[in-house]
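Note that my numbering gives residue 35 to position 35 of the sequence shown, counting from 1, and the numbers run on in steps of one. See structure below.
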Amino acid sequence: FSNSTERYYLIPSLLQDAWADETPGYKCVFDFSKLYLPDGVFTRLCSLLIQCNVDAMKRSGVLLHEPMVFSNAVFVEMGPEWLIQLLKHPNKLELRILDQRFAARSLR
1 FSNSTERYYL IPSLLQDAWA DETPGYKCVF DFSKLYLPDG VFTRLCSLLI QCNVDAMKRS
61 GVLLHEPMVF SNAVFVEMGP EWLIQLLKHP NKLELRILDQ RFAARSLR
């Protein structure tokens, strides 16, 4: 992403629904079981995380892993060893931070 002048577009309907990982990490769960999870919220959060990844690469000049995007999950590296996972479940969103050193900074 960082060295390219091409534009990329995220088209949610074309993504594969292929993630059921139980990677250990620090979790923040947004439970919508008593309400409903509005359409588009997950996709919007995915887009924001990907933009943060691109911005972090531009700011630091460090080449980070490209985000992995599925219809029900996104995995983004925000800095070296700073990995964030956002997972969509039927009635909840789950944010996972894989390293304790970055947990507090990830929720800002």
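Even for Gly, the Cβ is constructed at its ideal location relative to N, Cα and C. Bear in mind that the values here come from a model prediction, so they are computed numbers and not experimental data.
Taking C-beta atoms under 8 Å as the contact rule, V74 and L49 qualify, at a distance of about 6 Å. Setting aside the 5 residues that flank it on each side, Y26 is surrounded in the same chain by I97, A103, each with a C-beta closer than 6 Å to its C-beta; the list follows chain order. The DSSP-derived three-state label of D39 is coil. For the pair L45 and L86, the CB atoms are nearer than the 7 Å cut-off. Pairing S33 with V41, the inter-Cα distance amounts to about 15 Å. F30 is bridged by DSSP to L93.
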